[in-house]
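Asker: Handing you a structure now.
Number of protein chains: 2
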Amino acid sequence: MPELDDELAVALRHSDEPFDAQAAAEVIRNDLGSETGRSVLHSWFEQAPAVDVADALDELSDDELHAALPLIPAKVQPDVVGYLPLHRQAELAARMPQAALITLLENMSSDERADLFNALPEDREMLLPALAQAEREDIRRLASYAEDSAGAIMNSQYATLTPELTAGQAIEELRRIAPDRETIYNAYVINDQRELIGVTTLRRLILAQPGRRVGDMMETKPISVRVDEDREAAAAKIARYDFIALPVVDAQHRMVGIITADDAMDVLADAATEDFQKSGGSLGGDWPTRMKDATVRLLYQKRVFWLILLVFANIFSGAGIAYFEDLITANVALVFFLPLLIDSGGNAGSQSSTLMVRALATGDVQMRDWAGMLGRELAVAFLLGLTMALAVSGVGLLRGGPAIALVVALTMLVVVIVGSLIGMLLPFLLSHFKADPAAASSPLITTIADGSGILIYFAIASAILPALAAR
Amino acid sequence: MPELDDELAVALRHSDEPFDAQAAAEVIRNDLGSETGRSVLHSWFEQAPAVDVADALDELSDDELHAALPLIPAKVQPDVVGYLPLHRQAELAARMPQAALITLLENMSSDERADLFNALPEDREMLLPALAQAEREDIRRLASYAEDSAGAIMNSQYATLTPELTAGQAIEELRRIAPDRETIYNAYVINDQRELIGVTTLRRLILAQPGRRVGDMMETKPISVRVDEDREAAAAKIARYDFIALPVVDAQHRMVGIITADDAMDVLADAATEDFQKSGGSLGGDWPTRMKDATVRLLYQKRVFWLILLVFANIFSGAGIAYFEDLITANVALVFFLPLLIDSGGNAGSQSSTLMVRALATGDVQMRDWAGMLGRELAVAFLLGLTMALAVSGVGLLRGGPAIALVVALTMLVVVIVGSLIGMLLPFLLSHFKADPAAASSPLITTIADGSGILIYFAIASAILPALAAR
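Put into structure tokens, the structure is as follows:
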């Protein structure tokens, strides 16, 4: 036993050190075989944070996971399963006896229950009659909200109070209902029609005179979110107002759920990840929870769209070059500067577009700010272009003489300004047409900047070079 | 009065509607002039969420802001000021009478107080003697932690208990200390040496038998963060474990502060923003809180570094082209496909690098996963390259005949694979050398992929075209 305890101590090191899921999985694999090992595991599963247990279990094979499941104490099982990736939850559920699955579903938190239920095979409807009525209705209701809506991430285990209760009675009521509520730190005050009329906190309640009425101490006009609003808008409200939970209401302002801060954090992290994917030129949408779990097929599907589209867009750049073939043949030194000039426009554009995409996503910049942003962008791009024109004019002088240097420097100034403006304006334009600004990806901006860069370069060259040659 | 109330109702619409700071600022400007207006404002400032009031005030000029300040009730003033951007807080502080500033500082939450104090002019040390001893020491202590550390974002207003208290006594104690604590929902159990030995929650305490000892019901080995650890690591722990607050300990495991979930959300959002900036080719670091407030000078400084560096990197691409000048002159049709081929490598690389940078940042993928990621990337890149080679071979056939089509298709396959591998590996490589993986920006990847793409293209062309011509 001391040996097992040592192993466990390593896996359990959840004080300052980050948790090592692979090491913990190794301990589980070893301990599953022996009687004493299993009893040690049982107590670890009981004490460790559910997310750590789930991460360790996720490192196991399906068979190992199935073997470990009975060792997870019933009290913590719903939490642990809820932290597993959805496809592993579904695999587990498929192997469970129906009675065990029903118990699991009944004890999961309501939002995770709805997610798991929706991930079960087609014949899942057969389970419904076996569920208690409250849970059955809850699943049906939560399943009815659109995937990206506030309704899809809310849970129905919130605490409500009525305004005529005293603070003392309210604390009693919260204590009574606490066991199956996600949080009792925020309590929502509703009237007879279940309309949300106020909010109060457990902190206020325990600080208040026990005889004071809830209706007299609550905050009226509480901030809430409509059940059909976007989930990101809901999460942004929680972040803005530093809430522990945000009440969700229907069109009649009746309370239907809460969204908790931890779920809001996940939504915001997922939204940032999706914006990253898009800004790099992949499609957003249904990615697995962890990039690690993305299949070759999925990655192909998410990446091929823009790559192919941009190939065809680049044919225009090629056509631009073909149009100036005589100029190139006459001044083949111009090709030396081609990658440098067109890349610089794309690079400046990538900078501008990522800055704008993120600023629009966080709400730092809004649609109406576009004109102010445009002025600032022009000033910055002019200065950047000037600096870079100076930097390349030396190279131009060395490689091609003063005429080429002039062409290259002028082109640099113009492509940097044009690239920056395209990069800055495209997110606003997409947003204006109700498209996602994050679609203004670096590859898209680069391709557009390249095409315009080629035209600008050769147009300037064909204007300046023959004129100089004629002198 | 009814008119003012109507205006106010619009600005106050903080139920489902997002708050409109500009509209609210307009109301403040109008109302500041009249007696009744000021009284309406006073009550709005008192009732509205502090962050809304701060956002509205931030739309005002310095003079208007200064004029509005006295109307903000003393009770909410520290919160409202804490939500203003730091440079506006400092401006306000500079105009305040010293006594008012001292009162403000004493009542701000400890982390915001330390931030404001550090933003004050050089002579700020003169204020210290006027502050109460506790606040003075607190400012000195918080100022001593490195900017990116957990210590820099923690606050010292946490609730502690001792293990021998009963649940009933503990609730009494929390009620007593609540007024100047950031949260009382988590209570930290410490021993005589102030070492953190456990954690419990208000929820557990009110559910427990009043006579039960805290030491018997607390969670032992609580998850904590060291005061000198990275702030992002601390925020990630809060997100992972769904905490309301995370205890911060010193090297001797003594409790020194807490980090609250709302601050963790801000840290994670800022970290994502910084990764965005870097992935677009700008420098990270000291940006203002809102992109909107970035000056032309700052934007220039953040953007010029990579732009200039990549200009010089692109000179190698130019040299690559110059090396093949004869080949180009002989087959000027090759230039038509140049942008298309080199862009495709860069685009595929941008996709891979952004996916990896984000996955490394969220912890979805870790250093040790690189080999598995490499295998998957190869498979995906091969399929993508093949698809794109097919797509361009038709264009190659039309524009240049079968020989050119073969060169173009082969090049496409190779550049997409090479670009993808560079994009996927560079973030790991940077991470391995303790650099920030996010420095593998789209512009950097594009430039590297362009240079290699040119070499690959002309190398394949010079191998195939003369051979075919010789037949």
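From first to last, the protein sequence lines are chains A and B. Using our numbering, the letters of the first sequence correspond one by one to residues 5 to 475. Using our numbering, the letters of the second sequence correspond one by one to residues 5 to 475. Even for Gly, the Cβ is constructed at its ideal location relative to N, Cα and C. These figures come from a predicted structure and were not determined experimentally.
1. With 7 Å as the threshold, decide whether the Cβ of B:Lys438 is near any Cβ in chain A.
2. Look up B:Met5 in the DSSP assignment and say whether it is helix, strand or coil.
3. Looking at C-beta atoms only, is the number of pairs between the stretch 65-78 of chain A and the stretch 39-46 of chain A that lie closer than 8 Å three or more?
4. Mind checking if A:Leu303 is an interface residue toward chain B, Cβ cutoff 7 Å exclusive?
5. Find out if the Cβ-Cβ distance for the pair B:Leu314, A:Asn351 is shorter than 7 Å.
6. Under three-state DSSP, which class holds B:Tyr192?
7. Is there a C-beta anywhere in chain A that falls below 7 Å from the one on B:Arg198?
8. Please return the same chain residues whose Cβ sits closer than 6 Å to the Cβ of A:Thr450, not counting the five positions on each side in sequence.
9. Using a C-beta to C-beta distance shorter than 7 Å, which residues of chain A count as neighbours of B:Phe341?
10. Rounded to the nearest angstrom, what separates A:Ala25 and A:Ser228 at their Cα positions?
11. Residues in the same chain with beta-carbon distance under 7 Å from A:Ile188, minus the five sequence neighbours each way, listed in chain order, please.
12. Tell me which same chain residues have a C-beta within less than 7 Å of the C-beta of A:Lys241, skipping the five on either side of it?
13. Here's the rule I'm using: 16 or more other beta-carbon atoms within 10 Å means buried, otherwise exposed. How should B:Tyr327 be labelled?
14. Does the stretch 284-300 of chain B come close enough to the stretch 258-270 of chain A to have 3 or more Cβ pairs within less than 8 Å?
15. Inspect the beta-carbon positions of A:Val384 and A:Pro441 and report whether they are closer than 7 Å.
16. For B:Ile325, tell me which candidate among B:Leu64, B:Leu387, B:Leu425, B:Ser466 has the shortest Cα-Cα distance.
17. Rounded to whole angstroms, what's the CA-CA distance from B:Tyr477 to B:Ala273? Just pull it up for me.
18. Buried or exposed: which applies to A:Gln93, given that a residue is buried once 16 or more other Cβ atoms fall within 10 Å of its Cβ?
19. Would B:Ala409 and B:Ser397 qualify as a contact pair, given that the criterion is a beta-carbon distance under 7 Å?
20. Please return the same chain residues whose Cβ sits closer than 6 Å to the Cβ of A:Ala212, not counting the five positions on each side in sequence.
21. In the DSSP assignment, what are the bridge partners of A:Asp234?
22. Residues of the stretch 232-247 of chain A with a CB closer than 9 Å to any CB of chain B: list them in chain order, please.
23. Return the first residue and the last residue of the beta strand (DSSP E) that A:Gly172 is part of.
24. Excluding sequence positions up to five away, which residues of its chain have a Cβ less than 7 Å from the Cβ of A:Leu469?
25. Examine chain B for any beta-carbon lying closer than 7 Å to the beta-carbon of A:Met5, and answer yes or no.
26. Going by beta carbon distance, what residues of the same chain come within less than 6 Å of B:Glu63, once the five residues before and after it are set aside?
27. Using a Cβ cut-off of 9 Å, pull out every chain A residue sitting near B:Asn335, in sequence order please.
28. Cβ of B:Ser354 within 7 Å of Cβ of A:Pro447?
29. Taking 7 Å as the CB-CB limit, is A:Glu329 close to chain B?
30. Find the residues of chain B that neighbour A:Arg216, judging by a C-beta separation of less than 9 Å, and give them in chain order.
31. Does the beta carbon of B:Asp254 sit closer than 7 Å to a beta carbon anywhere in chain A?
32. What are the partner residues of B:Ala249, as DSSP defines its beta bridges?
33. Taking 8 Å as the threshold, find out whether the stretch 300-311 of chain A comes into contact with the stretch 358-373 of chain A through three or more Cβ pairs.
34. Answer with buried or exposed for A:Glu2, where buried requires no fewer than 16 other C-beta atoms within 10 angstroms of its C-beta.
35. So, using beta-carbon positions, are A:Thr391 and A:Ile464 closer together than 7 Å?
36. When the Cα atoms are used, what is the spatial distance from A:Ser113 to B:Met259?
Answerer: Walking through what the data contain:
1. Counted from its first residue, the second sequence places residue 438 of chain B at position 434. It does not; no Cβ of chain A falls within 7 Å.
2. Mapped onto the second sequence, residue 5 of chain B falls at position 1. The predicted position of B:Met5 is uncertain, since its pLDDT is 35 and thus under 50; a value taken from the coordinates is nonetheless stated next. Looking at B:Met5 - three-state DSSP - the assignment turns out to be coil, as it is neither helix nor strand.
3. yes
4. One-based indexing of the first sequence puts residue 303 of chain A at position 299. True, the Cβ-Cβ gap to chain B drops below 7 Å.
5. In the second sequence, residue 314 of chain B corresponds to position 310, counting from 1. In the first sequence, residue 351 of chain A corresponds to position 347, counting from 1. Contact: yes.
6. Residue 192 of chain B sits at position 188 when you count from the first residue of the second sequence. Strand at B:Tyr192.
7. What you label residue 198 of chain B is simply residue 194 of the second sequence in a count that begins at 1. Answer no: the Cβ-Cβ gap between B:Arg198 and chain A never drops below 7 Å.
8. Translated into the one-based positions of the first sequence, residue 450 of chain A becomes position 446. Contacts found: Gly350.
9. As a position in the second sequence, residue 341 of chain B is number 337, starting the count at 1. Result: Gly322.
10. The count along the first sequence starts at 1 and reaches residue 25 of chain A at position 21. The count along the first sequence starts at 1 and reaches residue 228 of chain A at position 224. When rounded, the distance between both Cα atoms is 38 Å.
11. Indexing the first sequence from 1 puts residue 188 of chain A at position 184. Taken in chain order, the residues that qualify are Ala163, Leu178, Ala182, Leu206.
12. The residue you call residue 241 of chain A lines up with position 237 of the first sequence. Cβ within range, chain order: Ile227, Val229, Leu250.
13. Against the second sequence, residue 327 of chain B aligns to sequence position 323. So B:Tyr327 ends up on the exposed side.
14. no
15. Residue mapping note: residue 384 of chain A aligns to position 380 of the first sequence, counting from 1. Residue mapping note: residue 441 of chain A aligns to position 437 of the first sequence, counting from 1. In this structure, A:Pro441 does not lie closer than 7 Å to A:Val384 by Cβ.
16. By 1-based counting over the second sequence, the position of residue 325 of chain B is 321. Out of B:Leu64, B:Leu387, B:Leu425, B:Ser466, B:Ser466 has the C-alpha closest to the C-alpha of B:Ile325.
17. Nothing in the structure corresponds to residue 477 of chain B, since chain B is present only between 5 and 475.
18. The residue labelled residue 93 of chain A in the question sits at position 89 within the first sequence. Buried: at least 16 other Cβ atoms inside 10 Å.
19. Residue numbering aside, residue 409 of chain B sits at position 405 when the second sequence is read from its first letter. Residue numbering aside, residue 397 of chain B sits at position 393 when the second sequence is read from its first letter. Closer than 7 Å, so yes.
20. For the purposes of this step, residue 212 of chain A is identified with residue 208 of the first sequence, where counting begins at 1. Excluding positions up to five away in sequence, the list reads Ala171, Met221.
21. The sequence position of residue 234 of chain A within the first sequence is 230, counting from 1. A:Asp234 pairs with A:Ser153.
22. Glu233, Ala237, Ala240, Lys241, Ile242, Ala243, Arg244, Tyr245, Asp246, Phe247
23. The count along the first sequence starts at 1 and reaches residue 172 of chain A at position 168. Segment 171-181 is the alpha helix (DSSP H) holding A:Gly172; no beta strand (DSSP E) there.
24. Counting from 1 along the first sequence, the entry for residue 469 of chain A is found at position 465. Around A:Leu469: Asn335, Ala407, Val411.
25. Here residue 5 of chain A refers to the residue found at position 1 when the first sequence is read from its first residue. Reliability fails at A:Met5, whose pLDDT of 35 lies under 50, so the model's placement of it is uncertain and the value that follows must be treated cautiously. No, no contact with chain B.
26. Numbered from 1 along the second sequence, position 59 holds the residue referred to as residue 63 of chain B. Cβ within range, chain order: Ala25, Gln26, Ala29.
27. Working through the second sequence from its first residue, we reach residue 335 of chain B at position 331. Chain A residues near B:Asn335: none, gap ~11 Å exceeds 9 Å.
28. Within the second sequence, the letter at position 350 stands for residue 354 of chain B. Within the first sequence, the letter at position 443 stands for residue 447 of chain A. A contact, by the Cβ cut-off of 7 Å.
29. Taking the first residue of the first sequence as 1, we reach residue 329 of chain A at position 325. It does; some Cβ of chain B falls within 7 Å.
30. Within the first sequence, the letter at position 212 stands for residue 216 of chain A. Here the premise fails: no neighbours, minimum Cβ distance about 14 Å.
31. Residue mapping note: residue 254 of chain B aligns to position 250 of the second sequence, counting from 1. Chain A, which has no Cβ nearer than 7 Å to the Cβ of B:Asp254, makes this no.
32. Position 245 of the second sequence, counted from the first residue, corresponds to residue 249 of chain B. BP columns for B:Ala249 point to B:Thr264.
33. no
34. Coverage of chain A is limited to positions 5 through 475, which leaves residue 2 of chain A absent and any answer about it impossible.
35. By one-based count along the first sequence, residue 391 of chain A stands at place 387. By one-based count along the first sequence, residue 464 of chain A stands at place 460. Cβ atoms of A:Thr391 and A:Ile464: not closer than 7 Å.
36. Here residue 113 of chain A refers to the residue found at position 109 when the first sequence is read from its first residue. Here residue 259 of chain B refers to the residue found at position 255 when the second sequence is read from its first residue. Approximately 33 Å, taken between the alpha carbons.
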